[in-house]
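Residue numbers (this note's numbering): 110 to 351. Virtual Cβ for every residue (Gly too), placed ideally from N, Cα, C. Just so you know, these numbers come straight off a predicted model, no measurement behind them. Down below is the structure, laid out as structure tokens.
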């Protein structure tokens with residue numbers, strides 16, 4: 110009886126997982142089409158010298174919404190793969206600093222309010238053994254949250270090459286995280302009690318922790334409501350892991 114129930118549950122979970130994967134993939138094509146149309150409209154308006162503040166504002170808003178939807182779809186696909194054990198870490202020797210130009214460009218003047226990502230680097234660069242793609246996803250997610258939940262100041266990313274570890278902090282001056290929410294912060298689909306009216310799936314930080322664990326790193330958070338949040342991500346150098 111227990112075996113039958115277990116088998117039935119596994120089947121339901123497998124079917125649900127397939128539905129999520131198929132649905133998420135199906136969203137990708139129309140989103141890509143809409144994004145291409147926006148790019149064409151932008152180019153045409155600029156070529157005909159018809160681009161004004163009205164068109165610029167609304168086309169930019171459409172692009173921002175497409176970016177947000179794509180991020181949500183990517184999160185659904187990623188968490189689905191994580192829960193099914195389908196995530197592979199293609200690790201190599203790499204310097205986290207090599208990711209900074211891409212991150213800086215991605216969040217330049219984002220989200221259209223004049224703010225941008227500020228990056229500080231201290232110490233002598235050293236390499237770690239990790240997956241560049243997963244680390245890029247980790248920091249992209251944390252930086253996106255810093256923009257989303259903060260107010261006026263530029264989010265700050267500090268890359269500190271220490272003696273035995275490389276430490277990355279992402280700091281914002283945002284709404285903060287209530288103390289009661291902290292134990293559940295990295296659980297799938299969990300959203301903070303003070304995030305009403307702010308879009309999100311509740312998957313991002315769960316993905317972040319999974320990728321950090323896959324790359325043998327650690328993450329901690331220090332936050333106060335209405336004062337801001339600091340996420341600290343740490344990776345050890347290969348020659349100090351013994």
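- In the DSSP assignment, residue 342 is bridged to 277, 328.
- For the pair residue 315 and residue 297, the CB atoms are nearer than the 8 Å cut-off.
- Membership of residue 266 in any alpha helix (DSSP H) is not indicated; the residue belongs instead to the beta strand (DSSP E) covering 265–270.
- Under the DSSP assignment, residue 255 falls outside any beta strand (DSSP E), being part of the alpha helix (DSSP H) whose first and last residues are 241–258.
- Using a Cβ distance threshold of 8 Å, residue 275 and residue 320 do not count as a contacting pair.
- The C-alpha of residue 273 lies about 16 Å from the C-alpha of residue 230.
- Every unbroken stretch of the beta strand (DSSP E) spanning 3 or more residues and falling wholly within the segment 159–233 is given here in chain order: 201–203, 227–232.
- Assignment of residue 337 by DSSP, reduced to helix, strand and coil, places it in the strand class.
- In this structure, residue 265 sits away from residue 208, with a CB-CB distance that is not shorter than 8 Å.
- Taking C-alpha positions only, residue 199 is separated from residue 239 by approximately 8 Å.
- Taking a C-beta distance under 8 Å as the contact criterion, residue 301 and residue 333 do not qualify as a contact pair.
- Per the coordinates, the alpha-carbon of residue 329 lies some 21 Å from the alpha-carbon of residue 347.
- The shortest C-alpha to C-alpha distance from residue 214 to any of 186, 249, 137 is the one to 249.
- Its chain contains 198 as the residues whose beta carbon lies nearer than 6 Å to that of residue 323, once the 5 sequence neighbours on both sides are disregarded; these appear in chain order.
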